[in-house]
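A quick write-up on the structure given underneath.
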Amino acid sequence: MNKVTVAKSAGFCFGVKRAVNLVYEAAAEHPGKVCTMGPIIHNEQVVNDLAEKGVHVIDDDLIRTDTGEKIERDNVIIIRSHGIPKNLMEKVRDTGCEIIDATCPFVRKIHDIVRDKSREGFHIVIIGNPHHPEVEGIRGWAEGECTVISCPEDALKLDISKDIPLCIVSQTTFNYQKFKELVEIIENMEYHVVVTNT
143 MNKVTVAKSA GFCFGVKRAV NLVYEAAAEH PGKVCTMGPI IHNEQVVNDL AEKGVHVIDD
203 DLIRTDTGEK IERDNVIIIR SHGIPKNLME KVRDTGCEII DATCPFVRKI HDIVRDKSRE
263 GFHIVIIGNP HHPEVEGIRG WAEGECTVIS CPEDALKLDI SKDIPLCIVS QTTFNYQKFK
323 ELVEIIENME YHVVVTNT
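For the sequence shown, the working numbering begins at 143 and goes up steadily by one.
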């Protein structure tokens, strides 16, 4: 008989576990009033279970839930662990709804770095999947120029003045070896680079 060994790190990461637990707690406290900004997790079973508990999914328009219900001031809006762009966070605050920000603390740290370094005049380079919600959220905290790269070809196409310093951050789930490879390519292009190993 074959033996199956489950890795110690199997299952949800810390940020996702935290976000999912916050949604379950909020659903128990506010039945039928909890909404998440996009699916709280990329796991159909969990999303379906939450839907059965009355949790709705909303998107960036903040007008209606996935079931067509209008968002009201007594709703509770939960920001998923991937985080959201700054302008969308402001839009959520403007609803007057209670907000539970379940953004992963590691992702929030990246948001802070991107905001601060862009204010200091750095061009932000995000290494990650440009279509991933986490990367879209990170991009939304840059207050200046921002570029997303995911492969060596993208890195080699960088066309930024050498007078502008670069701050490099990474999607939290991006492959570390690929991250190091892309950083090395950029450093070899003689840019002034600040790398934050996120």
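C-beta atoms are modelled at their ideal positions from N, C-alpha and C, and glycine is treated no differently. Fair warning: this is a prediction, and the values are worked out from it, not measured in the lab.
When the distance is taken between beta carbons, is cysteine 155 closer than 8 Å to isoleucine 220? Taking 8 Å as the Cβ cut-off, isoleucine 220 and cysteine 155 do not qualify as a contacting pair.
By the 10 Å Cβ neighbour count, where 16 or more other Cβ atoms means buried, how is isoleucine 306 classified, buried or exposed? Isoleucine 306 comes out exposed.
Beta-carbon proximity of threonine 338 to isoleucine 255, cut-off 8 Å: Yes; because the gap between Cβ atoms is below 8 Å, this pair is in contact.
Are the segment 210–230 and the segment 155–172 touching, with three or more C-beta to C-beta distances below 8 Å? By the Cβ rule, the segment 210–230 counts as touching the segment 155–172, because three or more pairs are nearer than 8 Å.
Looking at the unbroken beta strand (DSSP E) that takes in methionine 87, where does it start and where does it end? Residue 87 falls outside the range modelled here, since the chain spans only 143 to 340, and no answer is possible.
Pick out whichever of Pro173, Val267, Arg261, Glu240 has its Cα sitting closest to the Cα of alanine 297. Among Pro173, Val267, Arg261, Glu240, the Cα nearest to that of alanine 297 is on Val267.
What is the residue span of the alpha helix (DSSP H) that aspartate 203 lies within? Under the DSSP assignment, aspartate 203 falls outside any alpha helix (DSSP H); it carries neither an H nor an E label.
Check whether the segment 232–242 and the segment 278–295 are in contact - that is, three or more C-beta pairs closer than 8 Å. Contact between the segment 232–242 and the segment 278–295 is not established, with fewer than three Cβ pairs separated by less than 8 Å.
Helix, strand or coil: which one does DSSP assign to glutamate 240? The answer is strand: DSSP assigns glutamate 240 an E or B state.
DSSP three-state assignment for histidine 334, whether helix, strand or coil: The answer is coil: DSSP assigns histidine 334 none of H, G, I, E or B.
Contact belief for valine 218 with lysine 175 at Cβ below 8 Å, rounded distance in angstroms: Lysine 175 and valine 218 do touch by the CB rule: their CB atoms are close to 6 Å apart, below 8 Å.
Return helix, strand or coil for leucine 308, following the three-state DSSP convention. Looking at leucine 308 - three-state DSSP - the assignment turns out to be strand.
On the DSSP bridge assignment, give the partners of isoleucine 266 in chain order. As computed with DSSP, isoleucine 266 is found in a beta bridge with Cys288, Cys309.
Endpoints, beta strand (DSSP E) assigned at isoleucine 183: Secondary structure note for isoleucine 183: it is in no beta strand (DSSP E), with a DSSP letter that is neither H nor E.
Cut-off 8 Å between Cβ atoms - residues of its own chain near phenylalanine 264, not counting five sequence neighbours on either side: Gly286, Ile306, Pro307, Leu308, Cys309, Val336, listed in sequence order.
Less than 8 Å between the CB atoms is what I'm expecting for glycine 157 and cysteine 246, so what's the real figure, rounded? With a beta-carbon spacing of about 3 Å, glycine 157 and cysteine 246 fall inside the 8 Å limit used to define contacts.
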